[in-house]
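A.B. asks: These protein sequence lines are chains A and B, in that order. Each number in our numbering comes from the position in the first sequence (counting from 1) with 3 added on. Each number in our numbering comes from the position in the second sequence (counting from 1) with 3 added on. For glycine and all other residues, C-beta sits at the position ideal for the given N, C-alpha and C. All values reported here derive from a predicted model rather than from experimental measurement. Questions regarding the structure given below will be posed in turn.
Protein chains: 2
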Amino acid sequence: MGEFELIDRHFKPKPAAARLHQATAAPDSIATPVVLGIGDDCALLQPAPGMQLAISTDMLVEGRHFLPDVAPARLGHKALAVNLSDLAACGAEPLACTLALALPPERARDDAWLAALAGGLWALADAQRCPLVGGDTTAGPLNLCLTVFGQVPAGQALRRDGARVGDDVWVSGTLGHARLALGALRGEWTLPPQLLAAARTRLECPTPRIALGLALRGIAHSAADVSDGLAGDLGHILRASAVGACLDAQETMKTIAAGAFSASAEGLFDRQTLLRLALTGGDDYELVFTAPPDARSAVQAAGQASATPLARIGRIEAEPGLRLLGADGRIEPLAARAFDHFAP
Amino acid sequence: MGEFELIDRHFKPKPAAARLHQATAAPDSIATPVVLGIGDDCALLQPAPGMQLAISTDMLVEGRHFLPDVAPARLGHKALAVNLSDLAACGAEPLACTLALALPPERARDDAWLAALAGGLWALADAQRCPLVGGDTTAGPLNLCLTVFGQVPAGQALRRDGARVGDDVWVSGTLGHARLALGALRGEWTLPPQLLAAARTRLECPTPRIALGLALRGIAHSAADVSDGLAGDLGHILRASAVGACLDAQETMKTIAAGAFSASAEGLFDRQTLLRLALTGGDDYELVFTAPPDARSAVQAAGQASATPLARIGRIEAEPGLRLLGADGRIEPLAARAFDHFAP
């Protein structure tokens, strides 16, 4: 199978997707921004009037971002999900995505693997109305580069530089489970099969918090997605906003315990280790954001409207840096560093 | 040097670029679509009202799209140029680009190499007003994935599917020299040093035909860029438009000879080989386009306005497929196939 047949067979929209995303006026037509999809030199999008375009790109490399034996449908899902998570962090509504794909010869020949990869990507693309509109395929070491495009009303994007002293620090969902699964897959520890399966789903099939990001427009002062670990990603907000923060270890622990399967992990690890997993684990694709205390009920309403669990875990302070308030009332400094791909 | 320092040092806009591209209102401010650049979860762009967004992405893999010893400044230039070439083929005006970059450890440590790579990219980005607004860096086998964003008035994009029977077929600049250089670098043949240097510049530093693409809006019926060889890329137009074409070998030869350094190649290769280089060589990043005969003077004016040499090399016909009219009056079929990354 050649390059162009490969694209035609696997990556062009399937009828269901085409129905939703084609720009032709069908009787039940849904307004779509896609003017021209796969097959020309460029894709053409028509954002709604007055909208700004939000753009993010992420590259996934075999052996670094995913294990060689990952289920291809999950890989397709994750490649799009980690990009959608960036749109969520900006409060942007997804419009479309492109995929550049380098494939070793054995993958290019593996029709079932490619079909599953494309199927996983398209399932999430359909669910989030973010159709694949273009891309590139080439031979090379396995590498997926997704770029996503979203729209947000001018001036309403959630940014990293808007946190203010006195803001609450909030985080969505649960943290640390992706790292829990990665450690088990790497042989750092063992997990009971049920916990491993649940944690592995969090690692391989993260849920981008698009609905929450949209609901937080006009409420949150700042936001980022948790891709490199809570401490690091909150650190980006602190540096961009020239502020500091103190997190409550107790509240952060409750966030970890919010997942139904987390109670079982509590018996396996000490609290210190669990806290470290949550603070620095990464690959969570939750949102960390700040909002003023008088917006607490609005934040809770945004969480309910988007069916997303939220926890208030700390406070923005004038003093730079990140601190942790322990159960014993002691405050300890925390390194506000993200995962670094080139760290020694 | 860590990932974030690497981005800060090399890939954030330098003062000159920042002056042009920042969204702050400077006294001599030029309207810029970049609302938010590198450093947040997403970049934010504001296309002009009524504009459609043109998007293209290309992935460059070491050993396949470039040789390991290529000058890094040229690699940075080319990674952006091949994407800008897609915007040119659509008649779109560049707005911004993103870069996802996988680096092996020895490259990540090589400050001079990175500075040259970023310098080459930024030089073209500044010249074409297409600033780098975001991206991703990771460890991995060397891979550059550029995505470009341009804007074009709604309905005015040049597309592959608009060629009509009777249209002239035009091509810009010169063809075949990139392949000439590649063959010399691969040891397929030898070239005199001066010809090699000139041809190698065409291979490593292609000129995206942005100004020509803009000038052809409203004149050309269809267009594509010549990245995989003239026969293949014209083939894309023919299939998308459900037409065929006959090229004049004499005129195509003149196109090859248009470059100042091509006369010297004529003595080294027979005409048949030169013709094959021009028709199937690839990596030219010229535009192939069609326009009605009554637009010939408008096409010539567009070429002059954009300082781009143009040649009229054939005609669109109703009969599908691609044919070549020889000097002896014989018509031969030509395979309208593009370079295929997964061909055996």
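Return the CA-CA distance between glycine 2 of chain A and leucine 145 of chain A, expressed in angstroms with no decimal places.
C.D. replies: Given that chain A is displayed from residue 4 to residue 347, the structure contains no residue 2 of chain A and the question cannot be resolved.
A.B. asks: Taking only beta-carbon atoms, is serine 32 of chain A less than 8 Å away from chain B?
C.D. replies: Counting from 1 along the first sequence, the entry for residue 32 of chain A is found at position 29. Reliability fails at serine 32 of chain A, whose pLDDT of 38 lies under 50, so the model's placement of it is uncertain and no value is given.
A.B. asks: Closer than 8 Å is the cut-off here; do at least three beta carbon pairs connect the segment 44 to 58 of chain A with the segment 45 to 58 of chain B?
C.D. replies: yes
A.B. asks: Use the C-beta contact count for arginine 189 of chain A: other C-beta atoms within 10 angstroms, 16 or more gives buried, fewer gives exposed.
C.D. replies: In the first sequence, the residue the question calls residue 189 of chain A occupies position 186. It counts as exposed.
A.B. asks: For serine 32 of chain B, which three-state DSSP category applies?
C.D. replies: Working through the second sequence from its first residue, we reach residue 32 of chain B at position 29. Any reading at serine 32 of chain B is ruled out, since the residue's pLDDT is 38, under 50, leaving its predicted position unreliable.
A.B. asks: Is it right to say aspartate 228 of chain B is buried, meaning 16 or more other beta carbons lie within 10 angstroms of its own, or is it exposed?
C.D. replies: For this step, residue 228 of chain B is matched to residue 225 along the second sequence. If you draw a 10 Å sphere on the C-beta of aspartate 228 of chain B, you find 16 or more other C-beta atoms in it, and that means buried.
A.B. asks: Relative to the ligand FAD, is the shortest distance from any of its heavy atoms to the C-beta of leucine 102 of chain B smaller than 7 Å?
C.D. replies: Because no ligand of any kind appears in the structure shown, any question about the ligand FAD cannot be addressed here.
A.B. asks: Please determine if the segment 194 to 208 of chain B and the segment 315 to 329 of chain B are in contact, where contact requires at least 3 C-beta pairs separated by less than 8 Å.
C.D. replies: no
A.B. asks: Going along the chain, which residues of the segment 53 to 64 of chain A sit with their C-beta nearer than 9 Å to a C-beta in chain B?
C.D. replies: Gly53, Met54, Gln55, Leu56, Ala57, Ile58, Ser59, Thr60, Asp61, Met62, Leu63 and Val64
A.B. asks: Measure from the C-beta of glycine 79 of chain A to each C-beta in chain B and report whether the shortest distance is under 8 Å.
C.D. replies: In the first sequence, counting from the first residue as 1, residue 79 of chain A sits at position 76. So, not an interface residue.
A.B. asks: With distances taken from CA atoms, which of A/Ala128, A/Gly143 and A/Asn86 is nearest alanine 105 of chain B?
C.D. replies: The residue you call residue 105 of chain B lines up with position 102 of the second sequence. Nearest of A/Ala128, A/Gly143 and A/Asn86 to alanine 105 of chain B, Cα basis: A/Gly143.
A.B. asks: Along the segment 127 to 157 of chain A, where does the CB come closer than 8 Å to a CB of chain B? Name the residues.
C.D. replies: Val136, Gly137, Gly138, Asp139, Thr140, Thr141, Ala142, Gly143, Pro144, Asn146, Cys148, Thr150, Phe152, Gly153, Val155 and Ala157
A.B. asks: Could you tell me whether any Cβ in chain B is nearer than 8 Å to the Cβ of alanine 338 of chain A?
C.D. replies: Walking along the first sequence from the start, residue 338 of chain A turns up at place 335. Answer no: the Cβ-Cβ gap between alanine 338 of chain A and chain B never drops below 8 Å.
A.B. asks: Closest Cβ-Cβ distance between cysteine 208 of chain A and chain B: below 8 Å?
C.D. replies: In the first sequence, the residue the question calls residue 208 of chain A occupies position 205. It does not: the Cβ of cysteine 208 of chain A has no partner Cβ on chain B nearer than 8 Å.
A.B. asks: Distance cutoff 8 Å, beta carbons only. Does aspartate 44 of chain A sit that close to anything in chain B?
C.D. replies: As a position in the first sequence, residue 44 of chain A is number 41, starting the count at 1. Output row for aspartate 44 of chain A: interface = yes.
A.B. asks: Between the segment 100 to 116 of chain A and chain B, which residues of the former have a C-beta closer than 9 Å to a C-beta of the latter?
C.D. replies: Thr101, Leu102, Ala103, Leu104, Ala105, Leu106, Pro108, Ala111 and Arg112
A.B. asks: Just to confirm, is the Cβ distance from glutamate 96 of chain A to leucine 217 of chain A under 8 Å?
C.D. replies: Here residue 96 of chain A refers to the residue found at position 93 when the first sequence is read from its first residue. Here residue 217 of chain A refers to the residue found at position 214 when the first sequence is read from its first residue. Going by C-beta atoms, glutamate 96 of chain A is nearer than 8 Å to leucine 217 of chain A.
A.B. asks: Go ahead and pull the three-state DSSP assignment for arginine 326 of chain B.
C.D. replies: Position 323 of the second sequence holds residue 326 of chain B. DSSP places arginine 326 of chain B in strand when its eight states are reduced to three.
A.B. asks: When you compare only the Cα positions, how much space is there between valine 136 of chain A and leucine 39 of chain A?
C.D. replies: As a working mapping, residue 136 of chain A is identified with position 133 in the first sequence. As a working mapping, residue 39 of chain A is identified with position 36 in the first sequence. Approximately 7 Å, taken between the alpha carbons.
A.B. asks: Can you grab the Cα-Cα spacing for the pair alanine 91 of chain A / alanine 305 of chain A, in whole Å?
C.D. replies: For the purposes of this step, residue 91 of chain A is identified with residue 88 of the first sequence, where counting begins at 1. For the purposes of this step, residue 305 of chain A is identified with residue 302 of the first sequence, where counting begins at 1. So the two alpha carbons sit approximately 13 Å from each other.
A.B. asks: Since leucine 48 of chain A meets chain B, which of its residues come closer than 7 Å, beta carbon to beta carbon?
C.D. replies: For the purposes of this step, residue 48 of chain A is taken as residue 45 along the first sequence, with counting starting at 1. Gln55, Leu56 and Ile58, listed in chain order.
A.B. asks: Skipping 5 residues on each side, what residues in its chain have a beta carbon closer than 8 Å to that of aspartate 236 of chain B?
C.D. replies: Walking along the second sequence from the start, residue 236 of chain B turns up at place 233. Cβ within range, chain order: Ala227, Asp228, Val229, Ser230, Val291 and Ala341.
A.B. asks: Please report how far the alpha carbon of alanine 245 of chain A lies from the alpha carbon of aspartate 164 of chain A, in whole angstroms.
C.D. replies: Locating residue 245 of chain A in the first sequence gives position 242, counting from the first residue. Locating residue 164 of chain A in the first sequence gives position 161, counting from the first residue. Note on geometry: alpha-carbon atoms of alanine 245 of chain A and aspartate 164 of chain A lie some 8 Å from one another.
A.B. asks: Answer yes or no: do isoleucine 213 of chain B and glutamine 131 of chain B have a C-beta to C-beta separation smaller than 8 Å?
C.D. replies: Along the second sequence, read from residue 1 onward, the residue named residue 213 of chain B stands at position 210. Along the second sequence, read from residue 1 onward, the residue named residue 131 of chain B stands at position 128. It is a contact, given that the beta carbons lie within the stated cut-off.
A.B. asks: Can you confirm whether aspartate 228 of chain A, when its beta carbon is compared against all beta carbons of chain B, has any partner nearer than 8 Å?
C.D. replies: For the purposes of this step, residue 228 of chain A is taken as the residue at position 225 of the first sequence. Chain B, which has a Cβ nearer than 8 Å to the Cβ of aspartate 228 of chain A, makes this yes.
A.B. asks: By the criterion of Cβ-Cβ separation under 8 Å, what are the contact partners of cysteine 93 of chain B in chain A?
C.D. replies: Counted from its first residue, the second sequence places residue 93 of chain B at position 90. What cysteine 93 of chain B touches in chain A: Asp43, Asp44, Cys45 and Leu47.
A.B. asks: Here's a check: name, in chain order, each residue in its chain whose Cβ is nearer than 8 Å to the Cβ of glycine 329 of chain A, leaving out the five neighbours to either side.
C.D. replies: Sequence index remark: in the first sequence, residue 329 of chain A carries index 326 (1-based). Only Ala252 and Glu335 meet the Cβ criterion.
A.B. asks: Measure the C-alpha to C-alpha separation of histidine 13 of chain A and leucine 117 of chain A and round it to an integer number of angstroms.
C.D. replies: Position 10 of the first sequence, counted from the first residue, corresponds to residue 13 of chain A. Position 114 of the first sequence, counted from the first residue, corresponds to residue 117 of chain A. C-alpha separation (whole angstroms): 7 Å.
A.B. asks: Are arginine 62 of chain B and cysteine 148 of chain B close, meaning C-beta to C-beta below 8 Å?
C.D. replies: One-based indexing of the second sequence puts residue 62 of chain B at position 59. One-based indexing of the second sequence puts residue 148 of chain B at position 145. It should be noted that the sequence gives methionine, not arginine, for residue 62 of chain B. Cβ atoms of methionine 62 of chain B and cysteine 148 of chain B: closer than 8 Å.
A.B. asks: Please compile the residues from chain A whose C-beta is within a distance smaller than 7 Å of the C-beta of alanine 308 of chain B.
C.D. replies: Walking along the second sequence from the start, residue 308 of chain B turns up at place 305. Ordered by position in chain A, no residue passes the 7 Å Cβ test against alanine 308 of chain B, which lies about 21 Å from the chain.
A.B. asks: Since aspartate 408 of chain A meets chain B, which of its residues come closer than 7 Å, beta carbon to beta carbon?
C.D. replies: Since the displayed chain A opens at 4 and closes at 347, residue 408 of chain A lies outside it and no answer follows.
A.B. asks: Classify threonine 193 of chain B as buried or exposed, calling it buried when 16 or more other Cβ atoms lie within 10 Å of its own Cβ.
C.D. replies: For the purposes of this step, residue 193 of chain B is taken as the residue at position 190 of the second sequence. Counting Cβ neighbours within 10 Å, threonine 193 of chain B comes out exposed, since fewer than 16 surround it.
A.B. asks: Might you give, ordered along the chain, the residues of its own chain that have their beta carbon closer than 6 Å to the beta carbon of proline 75 of chain B, omitting 5 neighbours on each side?
C.D. replies: Along the second sequence, read from residue 1 onward, the residue named residue 75 of chain B stands at position 72. By the criterion of a C-beta distance shorter than 6 Å, proline 75 of chain B is surrounded in its chain by Trp116, Ala119 and Leu120, once the five residues flanking it on both sides are discounted.
A.B. asks: Using the rule of at least 16 other Cβ atoms within 10 Å of the residue's Cβ for burial, across every protein chain shown, is glycine 317 of chain B buried or exposed?
C.D. replies: On the second sequence, residue 317 of chain B is found 314 positions in, with the first residue counted as 1. With 16 or more Cβ atoms within 10 Å of its Cβ, glycine 317 of chain B is classed as buried.
A.B. asks: So, does the CB of alanine 214 of chain A fall closer than 8 Å to a CB anywhere in chain B?
C.D. replies: On the first sequence, residue 214 of chain A is found 211 positions in, with the first residue counted as 1. So no, alanine 214 of chain A is outside the interface.
A.B. asks: Leaving out five residues on either side along the sequence, give the residues of the same chain with a beta carbon under 7 Å from the beta carbon of leucine 233 of chain B.
C.D. replies: As a first step, residue 233 of chain B is located in the second sequence; it is residue number 230 there, counting from the start. These residues qualify, in order along the chain: Val174, Leu178, Ala281, Leu282 and Val291.
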